[in-house]
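**Q** Quick mapping for you: the protein sequence lines, in order, are chains A and B.
Numbered per my numbering, the first sequence spans residues 2 to 222.
Numbered per my numbering, the second sequence spans residues 2 to 222.
Ideal Cβ positions, reconstructed from N, Cα and C, are used throughout, including at glycine.
This structure is a prediction, so every number in the text was calculated from the model and none was measured.
The structure under discussion is supplied below as C-alpha cells; questions concerning it will follow.
Protein chains: 2
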Amino acid sequence: MPLDPAADIVITGFGHVPKFAQGVVRDLRLRWALEEIGRPYRVELLDAMAPKPDDYCQWQPFGQVPAFDDGKVRMFESGAILLYLGEQDERLLPRDEALRWQAVTWLIAALNSVEPSLMQIVSLDVFQAREPWAKEARPGAVGFARSRLSCLADALGDREWLAGPFTIADIMMVTVLRHLRHTDIIAGFPGLAAYQARGEARPAFQQALADQMSGFAVPAD
Amino acid sequence: MPLDPAADIVITGFGHVPKFAQGVVRDLRLRWALEEIGRPYRVELLDAMAPKPDDYCQWQPFGQVPAFDDGKVRMFESGAILLYLGEQDERLLPRDEALRWQAVTWLIAALNSVEPSLMQIVSLDVFQAREPWAKEARPGAVGFARSRLSCLADALGDREWLAGPFTIADIMMVTVLRHLRHTDIIAGFPGLAAYQARGEARPAFQQALADQMSGFAVPAD
C-alpha cells in the first residue's frame with residue numbers, strides 16, 4: 002500500500018478541483034508509477050482554486066501539481082519525475098538501451114506532440130466555453146488532434162505498449178489520452194481506445210485513481 | 002566542424018520552410034547541442050511542404066523533424082534526443098544528481114509548461130491568421146503565455162542558466178522562447194530577453210543557426 006504518511010517521497014496534489022478535472026490531475030501519473038513499483042509516498046494537498054502558499058513557487062514555479070521531493074532531489078513536471086523514477090526501477094524503464102530510449106522518446110512525444118493538441122480541445126470546451134469564438138475554433142482543433150492521434154494509432158499498431166514492455170511512456174500517454182474523456186474522439190481510433198483501456202485496467206492505475214479521487218474534499222460541483 | 006558527410010550521427014531537417022519558420026525548426030536544438038560538444042553529424046533534408054517519404058513514418062511517426070540515428074539508437078522528439086546526448090557528455094548534462102535532475106525538470110518544463118502556450122500564439126498569428134476568430138482569441142492566448150513567462154522569469158531570477166551550469170535545459174528553453182521572435186512579448190521580460198540573448202550569443206548556437214539557414218533551398222518567400 003504505497004500511500005503512507007511516513008514515506009520519504011512526498012508529492013503535491015489538489016484537495017479540490019472542478020468535476021471535469023477529477024481523475025486527470027497530473028499527480029495521477031506519479032501515483033500510478035509508484036503503485037506499479039510498490040514505493041510508499043505521501044501527498045500534500047493544495048487548493049487548486051486558491052492562491053498557492055508563498056513558498057510553493059520555489060518548489061513548483063508555475064504553481065501547478067505535482068511537485069516531488071524524496072529527500073534527495075526536489076523536482077517538478079510529471080514527465081521529469083517519471084524519468085527519475087524510471088531510472089530507479091526497470092519495471093518502469095527498461096535497462097536495455099534501445100528499449101529505454103524508445104520509452105523516453107514516446108514519453109516526450111506524449112508531452113509535446115500529443116498532449117498540447119488534446120489540451121487545446123479541453124481549453125475550448127471548458128476554459129473558453131463561453132467565448133463567442135470557441136465554437137468556430139473547435140473544428141480546426143479537433144482536426145489537428147485527430148491527425149496526431151492517427152499517427153499515434155499507426156505507430157502503436159497492434160502492439161500492447163508503446164516501447165515493448167509497459168513503461169513510463171504508457172503511463173504518460175494513457176493519462177494524456179484521458180484528457181478527451183468528455184468527447185468521443187478517442188473512440189474513433191479503436192486501437193487507441195483499447196490501448197487506453199488496457200492501461201486503465203492495470204491494478205496500479207485503479208489504486209492510484211481511487212486514491213486521487215478520495216483526496217477531493219468536495220465530490221463534485 | 003561538426004557538419005560532416007561521413008558522420009555516424011544523422012539527423013533530419015527541412016530543405017525548405019516558409020520564412021517565419023526559418024531559424025526555429027527544431028533540428029536547430031540538436032545542431033546546437035552537437036556543436037557544444039564538437040560531435041560530427043550529417044543532415045538528411047526533407048521537404049516540409051511535400052508528403053514525407055513512405056518509410057519516414059517508421060522513423061518519425063508524426064512526420065516532423067528532427068529524427069535521429071547514430072547507428073545505436075533510432076529516436077525522434079528533440080527533447081528525448083537532447084536527453085540522450087546529454088547523458089553522454091557532462092557539458093550538456095551535469096553528472097551531479099541534484100543539478101542533473103534540475104536540468105531534466107527544466108527541459109520538460111520548456112516542452113510542456115512553456116512551449117505549448119507560446120505555440121498557441123504562433124498558431125493564431127501564422128497558421129490561423131485568416132480565421133475570423135483568430136483576432137478575438139489572441140488576447141487570452143497572450144495573457145496565458147505572459148503568465149507562464151512571468152513564472153519563468155521569477156524562477157530564473159538573475160541566474161545565468163536554468164540549472165546552474167549551461168545544460169540541455171537552456172538549449173530547449175532558449176529555442177522555445179525564439180518562437181515569439183515576431184512579437185515584443187519576450188522583451189516585456191528583460192531578464193528572459195537577456196537570457197535568450199546569452200544563449201544565442203554562444204558560438205555553438207551561432208554555428209548551428211548558420212548551418213541550418215544555409216540548408217534552406219529558397220532563402221525567403
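Rounded to a whole number of angstroms, what is the C-alpha to C-alpha distance between G87(B) and F63(A)?
**A** Residue 87(B) sits at position 86 when you count from the first residue of the second sequence. Residue 63(A) sits at position 62 when you count from the first residue of the first sequence. Taking the straight line from one Cα to the other gives about 25 Å.
**Q** So, with DSSP's three-state summary, where would you put D222(B)?
**A** As a first step, residue 222(B) must be located in the second sequence, where it is residue number 221. Bear in mind that the predicted position of D222(B) carries a pLDDT of just 46, short of 50, making it unreliable; the figure below should be weighed with that in mind. Of the three classes helix, strand and coil, the one that applies to D222(B) here is coil, per DSSP.
**Q** Indicate whether L94(A) and A81(A) have their beta-carbon atoms separated by less than 7 Å.
**A** Position 93 of the first sequence, counted from the first residue, corresponds to residue 94(A). Position 80 of the first sequence, counted from the first residue, corresponds to residue 81(A). No, Cβ-Cβ distance for L94(A) and A81(A) is not below 7 Å.
**Q** How would you list, in chain order, the residues of chain A whose beta-carbon sits under 9 Å from the beta-carbon of E91(B)?
**A** Residue 91(B) sits at position 90 when you count from the first residue of the second sequence. Result: empty, since nearest Cβ-Cβ is about 16 Å, beyond 9 Å.
**Q** Counting only C-beta atoms, is L112(A) closer than 7 Å to chain B at any point?
**A** As a position in the first sequence, residue 112(A) is number 111, starting the count at 1. True, the Cβ-Cβ gap to chain B drops below 7 Å.
**Q** How would you label M50(B), buried or exposed, when you count the other beta carbons within 10 angstroms and need 16 or more for buried?
**A** Taking the first residue of the second sequence as position 1, residue 50(B) is located at position 49. So M50(B) ends up on the exposed side.
**Q** Using a Cβ-Cβ cut-off of 7 Å, state whether T106(A) counts as contacting chain B.
**A** As a working mapping, residue 106(A) is identified with position 105 in the first sequence. Yes, contact with chain B.
**Q** Residues of the region 134-162 of chain B with a CB closer than 8 Å to any CB of chain A: list them in chain order, please.
**A** Correct list: W134, E137, A138, G141, R149, C152, L153, D155, A156.
**Q** Within 7 Å of any Cβ in chain B, is that where the Cβ of G165(A) sits?
**A** Locating residue 165(A) in the first sequence gives position 164, where the first residue counts as 1. Output row for G165(A): interface = no.
**Q** Do I12(A) and P67(A) count as a contact pair if the criterion is CB distance below 7 Å?
**A** What you label residue 67(A) is simply residue 66 of the first sequence in a count that begins at 1. What you label residue 12(A) is simply residue 11 of the first sequence in a count that begins at 1. The answer is yes: Cβ separation under 7 Å.
**Q** Could you tell me the boundaries of the alpha helix (DSSP H) in which I12(A) lies?
**A** Taking the first residue of the first sequence as 1, we reach residue 12(A) at position 11. Looking at the DSSP string, I12(A) is not in any alpha helix (DSSP H); the run it does join, the beta strand (DSSP E), is 10-17.
**Q** Could you work out which residue in L35(A), P41(A), S114(A) is closest to R147(A) when comparing CA atoms only?
**A** Here residue 147(A) refers to the residue found at position 146 of the first sequence. For the residues L35(A), P41(A), S114(A), the minimum Cα distance to R147(A) belongs to S114(A).
**Q** Got a sec? Which residues, its chain only, sit under 8 Å from D222(A) by beta carbon, not counting five neighbours each side?
**A** Numbered from its first residue, the first sequence carries residue 222(A) at position 221. Interpretation of D222(A) is limited by its pLDDT of 46, a score under 50 that renders its predicted location unreliable; the figure taken from the coordinates is listed afterwards. Excluding positions up to five away in sequence, the list reads P19, K20.
**Q** How is the alpha helix (DSSP H) around L47(B) delimited, first residue to last?
**A** Working through the second sequence from its first residue, we reach residue 47(B) at position 46. Element bounds for L47(B): not the alpha helix (DSSP H) but the beta strand (DSSP E), 42-48.
**Q** Relative to the alpha-carbon of L178(B), which residue among M214(B), L112(B), W134(B) has its alpha-carbon at the smallest distance?
**A** As a working mapping, residue 178(B) is identified with position 177 in the second sequence. With distances taken between Cα atoms, L178(B) lies closest to L112(B).
**Q** Give the range of the beta strand (DSSP E) segment to which D70(B) is assigned.
**A** Position 69 of the second sequence holds residue 70(B). First-last of the beta strand (DSSP E) with D70(B): 68-70.
**Q** Taking only the alpha-carbon atoms, compute the straight-line gap between W162(B) and S118(B) and give it to the nearest angstrom.
**A** Position 161 of the second sequence, counted from the start, is the residue given in the question as residue 162(B). Position 117 of the second sequence, counted from the start, is the residue given in the question as residue 118(B). Whole-angstrom Cα-Cα distance: 21 Å.
**Q** Closer than 8 Å by beta-carbon distance: list the chain A residues that pair up with Y85(B), in chain order.
**A** On the second sequence, residue 85(B) is found 84 positions in, with the first residue counted as 1. Correct list: W102, V105.
**Q** Which of the three DSSP states, helix, strand or coil, is assigned to L94(B)?
**A** Numbered from its first residue, the second sequence carries residue 94(B) at position 93. DSSP places L94(B) in coil when its eight states are reduced to three.
**Q** Straight-line CA distance for H183(A) to C58(B)?
**A** Working through the first sequence from its first residue, we reach residue 183(A) at position 182. Working through the second sequence from its first residue, we reach residue 58(B) at position 57. Answer to the nearest angstrom: the Cα atoms are 30 Å apart.
**Q** What's the call for E98(B), buried or exposed, on a 16-neighbour Cβ count within 10 Å?
**A** Position 97 of the second sequence holds residue 98(B). Its Cβ having fewer than 16 others within 10 Å, E98(B) is exposed.
**Q** For I78(A) versus A110(B), is the C-beta distance shorter than 7 Å?
**A** In the first sequence, counting from the first residue as 1, residue 78(A) sits at position 77. In the second sequence, counting from the first residue as 1, residue 110(B) sits at position 109. What sits at residue 78(A) in the sequence shown is Glu, not Ile. In this structure, A110(B) lies closer than 7 Å to E78(A) by Cβ.
**Q** Exposed or buried, what is G189(B) when buried is set at 16 or more other beta-carbons lying within 10 Å of its beta-carbon?
**A** For the purposes of this step, residue 189(B) is identified with residue 188 of the second sequence, where counting begins at 1. Exposed.
**Q** Who pairs with F77(A) in a beta bridge, going by DSSP?
**A** Numbered from 1 along the first sequence, position 76 holds the residue referred to as residue 77(A). F77(A) pairs with A68(A).
**Q** Decide yes or no for the touch test of the region 198-209 of chain A against the region 29-38 of chain A: beta carbon pairs closer than 8 Å, at least 3 of them.
**A** The region 198-209 of chain A is in contact with the region 29-38 of chain A.
**Q** So what's L4(B) in DSSP terms, helix, strand or just coil?
**A** Here residue 4(B) corresponds to residue number 3 of the second sequence, with the count starting at 1. Strand at L4(B).
**Q** Using a Cβ-Cβ cutoff of less than 8 Å, which residues in the same chain neighbour P166(A) once the five nearest sequence positions on both sides are dropped?
**A** Along the first sequence, one-based indexing puts residue 166(A) at 165. If we look at P166(A) and ignore the five residues flanking it on each side, its Cβ neighbours are P95, L100.
**Q** Using 8 Å for Cβ pairs, my map puts Q213(A) next to G24(A). What's the rounded Cβ distance?
**A** Locating residue 213(A) in the first sequence gives position 212, where the first residue counts as 1. Locating residue 24(A) in the first sequence gives position 23, where the first residue counts as 1. Yes, Q213(A) and G24(A) are in contact; Cβ-Cβ is about 7 Å, under 8 Å.
**Q** Taking 7 Å as the CB-CB cut-off, is A81(B) touching chain A?
**A** If you number the second sequence from 1, residue 81(B) lands on position 80. Yes, because at least one Cβ of chain A sits closer than 7 Å to the Cβ of A81(B).
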